[in-house]
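Some notes on the structure that comes next.
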Amino acid sequence: MHTHDLPFSELTPAHALQFLKEGNFRFVTAFHQSRDLLDQLDKTKKGQTPFAAIVSCMDSRTSVELIFDQGFGSVFSIRNAGNVVGNTVLGSLEYACGVVGAKLIVILGHTGCGAIHGAIDGVQLGFLTALLETICPAQEAAAWREEGGERSSANPAFVASVTERHVRRGMARVLEQSAVIRELVAQGKVGIVPAVYDIATGLVKFHEQAAGDPGA
164 MHTHDLPFSE
174 LTPAHALQFL
184 KEGNFRFVTA
194 FHQSRDLLDQ
204 LDKTKKGQTP
214 FAAIVSCMDS
224 RTSVELIFDQ
234 GFGSVFSIRN
244 AGNVVGNTVL
254 GSLEYACGVV
264 GAKLIVILGH
274 TGCGAIHGAI
284 DGVQLGFLTA
294 LLETICPAQE
304 AAAWREEGGE
314 RSSANPAFVA
324 SVTERHVRRG
334 MARVLEQSAV
344 IRELVAQGKV
354 GIVPAVYDIA
364 TGLVKFHEQA
374 AGDPGA
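Numbered by the numbering used here, the letters in the sequence shown go through residues 164 to 379 in order.
Have a look at this one:
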């Protein structure tokens, strides 16, 4: 079931982050942990003890269970286009950490994100328009920091800057909007970190920093 042997009650945010780093290393080196999924299915039917909650994009190339080499019952996976942190995501994170006891929140973006490209290009399409507008603050923050270069999805450096700032702002929104999560972080019971997954290499880059620093 889990890729570690520590009792759930003894886990810390640092442990959780290390488990994800180790899992991503296994993923990129093709040294996946052997697991009996049917056995895991049986062991988790009466309960779950996920050590992390990961907010990621719905992109078909970004399954967090695969990226971090985790099995049933190890992580909460919260997904939408562009890994946007809205009220439903906040509620889901409060359940994951405040009720079940997950130790770490990861706001995970990725390279080649269609939602990021769509936000930069100002795509207009039904309900998608409002969703993409939530990414615009990251685009604007990145824009004035860029030294030269085109501010469009055709500029890889600009896209990368927007992607990183979007996950940092996602982390900041969690801490600003959720008193539940903010208190758990202040008590050291939960950690929160932004990260970006490279769809070409399989590597996840964690932007480790003080939880209260949105990198703005």
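Ideal placement from N, C-alpha and C gives every residue a C-beta, glycine not left out.
Given the structure is predicted, the values throughout are model-derived calculations rather than measurements.
As computed with DSSP, V367 is found in a beta bridge with Y360.
Judged by DSSP in its simplified three-state form, L271 adopts strand. Taking a contact as a CB-CB distance under 8 angstroms, the pair H280 and E327 does not count as one, their CB atoms being some 15 angstroms apart.
A straight-line Cα-Cα distance of about 13 angstroms links R242 and V330. With a beta-carbon spacing of about 6 angstroms, A278 and L295 fall inside the 8 angstroms limit used to define contacts. Distance from the CA atom of P300 to the CA atom of L288, rounded to whole angstroms, is 19 angstroms. Around the beta carbon of G333, a 10 Å sphere encloses 16 or more other beta carbons of the protein chains shown; the residue is thus reported as buried.
Selection R345, T274, Y360 evaluated against P319 yields T274 as nearest (Cα-Cα).
For the segment 182–259, the continuous alpha helix (DSSP H) assignments of 4+ residues that do not extend past its boundaries occur at 200–206, 227–230, 250–257, in sequence order. Residue environment: S197 is assigned as exposed (fewer than 16 neighbouring CB atoms within 10 Å of its CB, all protein chains considered).
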